Each structure stands twice: as C-alpha cells, then as structure tokens.
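These notes concern the structure reproduced below.
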C-alpha cells in the first residue's frame, strides 16, 4: 500500500541513504532500527517530503508522490511525528487538535468562516484529548505540557488527520518509564488498518510492538524480517545489538 | 493641554506605524522573510492614492483603490522576484529588497518628479474638532480610528477565522503545520499580499497629512523596523504595542527632549531589548 523504491540521498560526498526500498501493507507495524548515523531519520524525511531524494520514488496506493511537498503528502494520507517536539505551543491541547480536525474535514476551504465555534470540531477535539489521556489538560497551552504529554499530543495530532500511513520518529526518546508505557499503550490502540513505520532506539519497545523490522546500517538495509529472526541474526547482533 | 494634543499626535503616528509594521512583522514571523521594500510599498500607496484621487476626484476612491493596487503589485513582485529568494539567507533577502528601495525611489522620481504631492482630506473630515478647548484636525482623529479598526479586524480575523488559525499555526510551528497538510506557502502568499495592501493603505491614509515625495518611505521604514524589533516579530499584539511605544516615544521625544529627539526611539529600543531580547510579545515557539 505504501512503498519506497531505491531511495538515495547524499549530502555532498556523504551518502546517507544508499538505495533503500521498503513496502508496508495496511495494518502492518514496521520497526526501523539501526545505529546512530544509519540514515533512519533522513530516510523518514525522504518519505515525508521534508528532503528531496536524489533517486528513487515513494508511492501511496500505487500513486507516485513524486516531488510533492510535505503538506501535499499529509493530505494524501501520510502522517508523521518528529524527533523533537512539534506542536503549536501557543495553542491549547484542544485547539491543537481542532486545527488538525478542521484540516481533515477540509473546513479551510471556506477560509473566512470560523471553525473553533463549530461544536462538532470542538467536541471531537475534546474526545480525542480524552482518548490520548490528556482530558484534564484539554485547555492547557501545549507549551506547558510535560515532555511525555507533548509527544502524546503530537501523535494525537497526526492521528486526527486519519492517515493511512503513520511515521513515528523515536516516539519514546527521553521519556520516563511511565511515559514510555503510555506511548506504547497509545501505539497499541492505533486504528487497525493504519500502516505504522516507527524508528525506535528502545529495543524492548520495538520488539514488543513491531510485526516486521528493517535494520538500516550505513544507509543500506542490513536485514529485514520478523522480530524473532532479527533478534537471532548473528549479523545484527554483531553490528548493532553489541552482542557479537 | 499641550500634552493631550501631543498624545493624539503620537497615537496618529502609532496608527500609521501599526498599518505598516503588522505586515512586516507577521510575514517575518511566518517565513523568516525580511522585505525591506515594505516602506516602498507605503510610498507607492501614497502616490497611487494621489493618482486615483486626481483621476476620480475623490479621496475615498483613492482610499479603497490604492491599497488594492499595492496588494496586486506586491503579489506580482512576489511571483516574479521574492518567491525565488524566500529560502535564501537573510543577507540575500536584505540585499535584494534593499535594492528594490532604490529602484522604487527612482521609479517614483521618474514618474512623479521630485516635488511633493498631497491629497486633499475628504470633506467629512476637513474641519477641526474641539477637544478641551483646542481645535484638532478631524482627519487625524480619523487616522487613529482607522488604526484601531484595522487592528480589531485583524484580531478577529486571526482569532476567529480558519485562515487566521492557519496563520497562527504556521507562525507557531511551520513544520508541524505542513505535516498536518496545511499549505503554508499559500498561507504565506495571502499574508504577504495582505501586508502589502495594509502598507498601501498606510500610504494613502498618510497622504493628506505627510508630503508625498520620493524618499518619504525611509524615515517611516526605519520606525516600522524598530516597531517589529521592539514588539517582537510575528505577533499582532507585538505590532500593536510596539507601534504605540515607538509612536508615542518619537512624538514626545521631539517635545520633551528636542536635542535628543533622534535618539529617543533608539534609546527605547535598547532599553526594551536589554529587558526582553526577543521583543515585548514575540510569537510563541517551542524551543
């Protein structure tokens, strides 16, 4: 359903992504692991359109996304979260969600009209805040949330778009064990038909959540398979898990 | 009541500065784009106002047409030139738009000559108003009211409409706005044209009070840039309070310390920046 073919990206003489292909089916939970500098985030940026690939293509439902920018890809059903918190800090939790919901409902087409007064948008925003576990903070400005709550809200924002494919870049980085558990819980409750691609450093999280794992190393696919296979692979153990 | 008259003069300057600086500030907040030729658009607003007033023999025709023409000119300028330097370094933006100031200056001098023009104020506001036993020109009160009305309209537009929410989202976090499918580029173009139109409005509104001549843009451009710095880029509130502070400081500075008049606003800017390095009300950011 979502497919990348032979993606390449170099920064000067440094080839960061060297021909990576990947295909994700609806409902698949696909983990991407690899040592620092393996090109994981750059690969995500190529998928989301944040960076332009030197070669290769990205297809959604068989349609080549070509050189379309991030906002067009988001409208085509590709949601993403960033490694660093990305929220509308000056807006409340509910307002953040309302913007995403209004965007999904294409309410901006009639741009001069209001939307925050539209009860169905706000009702959905409050409902989504509750389901994210942020119900009590629905009227708190995003800037005042804890780090963990920010990440939850960020994933919630992307989900409010009802994407077909969700890219999560290190959703549990810098989190306390409780916050990590909350994120894991959130990921488990993702809509079933959603295809998930997640970069993660926490091996417990990824082996627990993923149905498929791709190991990147030096911008290339080192291995791909089920979590158990990857965990057992001597090459991966030597190169990455540090258990040679 | 010299004080009261000066207060009104200060408010009138603040109203013009607000019209000019709000576009500059929000465009910078949204895209980190600096258009130094914003003052040139102000000047062309005044000149096009003069031309329209002469053609239609009506102040109001000029008042409504000139901003639209300037906004259209801004759109063309953006499509032809500025679009290409949007992602370039600030230095390139500053150099290119600084060059536009000189081009604008020469175009104005070639078309309209070096002698100052003026627009007659509309008949409704031609007289004076009695305030505390002093006669104050009604048109200047109209300028203050215009500033307040535009501010209120922008406030409602930003807070209550969908495009306003998109602008706020884009200023707040451009990357996330794009990740949510908002076409930030288009929102930016809309804001840029609106800002150009407001600069044109400031120009035509100033034409009955200030002489219209090539180079009229420079003094007010500098004041507008100081407003952006003092108020904090990207926010309506910043543009409003920045305009009030700079407008009043400039006016009272010339009355209270005439020998230091030129330095008053710079002293104000330095004082504000010492306490709040990012300005009084910068647009919120995550980091």
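Residue numbers (the working numbering), protein chains in the order written: chain A, -3 to 240; chain B, 1259 to 1545.
The beta-carbon is built from N, C-alpha and C at its ideal position, and this holds for glycine as well.
Fair warning: this is a prediction, and the values are worked out from it, not measured in the lab.
Item, Value
"Considering just the uninterrupted stretch of the beta strand (DSSP E) at residue 53 (chain A), what are its terminal residues?", "51 to 56"
"Can you find the residues in the same chain that come closer than 6 Å, C-beta to C-beta, to residue 1459 (chain B), ignoring five residues on each side of it along the sequence?", "1277, 1325"
"Among the residues of its own chain, which have a CB less than 8 Å from the CB of residue 159 (chain A), if the five just before and after it don't count?", "70, 73, 74, 75, 190"
"Is the shortest distance between the beta-carbon of residue 48 (chain A) and the beta-carbons of chain B less than 8 Å?", "no"
"Do residue 122 (chain A) and residue 182 (chain A) have their CB atoms nearer than 8 Å?", "no"
"So the candidates are A:29, A:89, A:15; which of them puts its Cα closest to the Cα of residue 200 (chain A)?", "A:29"
"What separation, rounded to the nearest whole angstrom, lies between the Cα atoms of residue 1265 (chain B) and residue 1477 (chain B)?", "20 Å"
"Drop a sphere of 10 angstroms on the beta-carbon of residue 10 (chain A), count the other beta-carbons inside from all chains shown, and report buried for 16 or more, exposed for fewer.", "exposed"
"What in chain B is Cβ-close to residue 40 (chain A), meaning under 7 Å?", "Those do not exist, as residue 40 (chain A) stays about 11 Å from chain B at its closest Cβ, beyond 7 Å."
"Per the contact definition of three or more C-beta pairs closer than 8 Å, is the region 59 to 70 of chain A in contact with the region 40 to 50 of chain A?", "yes"
"Give every residue of the same chain whose Cβ lies closer than 6 Å to the Cβ of residue 1483 (chain B), excluding the five residues on either side of it in the sequence, and list them in chain order.", "none"
"Which partner residues of residue -2 (chain A) appear in the DSSP bridge assignment?", "A:20, A:56"
"Is it true that the CB of residue 98 (chain A) sits closer than 8 Å to the CB of residue 157 (chain A)?", "no"
"According to the neighbour-count rule (16 or more other Cβ atoms, all chains shown, within 10 Å of its Cβ), is residue 1392 (chain B) buried or exposed?", "exposed"
"Using three-state DSSP, classify residue 1283 (chain B) as helix, strand or coil.", "helix"
"Would DSSP call residue 46 (chain A) helix, strand or coil?", "coil"
"Quick check on residue 115 (chain A): buried or exposed, where buried means 16 or more other Cβ atoms within 10 Å of its Cβ?", "exposed"
"What residues from chain B crowd round residue 133 (chain A), counting only those whose CB sits closer than 7 Å?", "The contacting residues do not exist; residue 133 (chain A) stays about 16 Å from chain B at best."
"Can you tell me whether DSSP reads residue 1527 (chain B) as helix, strand or coil?", "helix"
"Residue range of the alpha helix (DSSP H) that residue 126 (chain A) falls in?", "115 to 127"
"Do residue 213 (chain A) and residue 51 (chain A) have their C-beta atoms closer together than 8 Å?", "no"
"For residue 1495 (chain B), name the three-state secondary structure that DSSP assigns.", "helix"
"As an exercise, report each continuous alpha helix (DSSP H) stretch of at least 4 residues that is fully enclosed by the region 143 to 194 of chain A, in chain order.", "143 to 155, 173 to 184"
"Would you verify that the beta carbon of residue 1537 (chain B) is, or is not, closer than 8 Å to some beta carbon of chain A?", "no"
"Within 8 Å (strictly less), CB to CB, does residue 153 (chain A) reach chain B?", "yes"
"Under a Cβ-count criterion, where at least 16 other Cβ atoms within 10 Å of its own Cβ denotes burial, should residue 57 (chain A) be classed as buried or exposed?", "exposed"
"Using a 10 Å radius around the Cβ and a threshold of 16 neighbouring Cβ atoms, would you call residue 1514 (chain B) buried or exposed?", "exposed"
"Report the option in A:204, A:153, A:230 whose CA atom is closest to the CA atom of residue 94 (chain A).", "A:153"
"Which word fits residue 1534 (chain B), buried or exposed, when buried means at least 16 other C-beta atoms lie within 10 angstroms of its C-beta?", "exposed"
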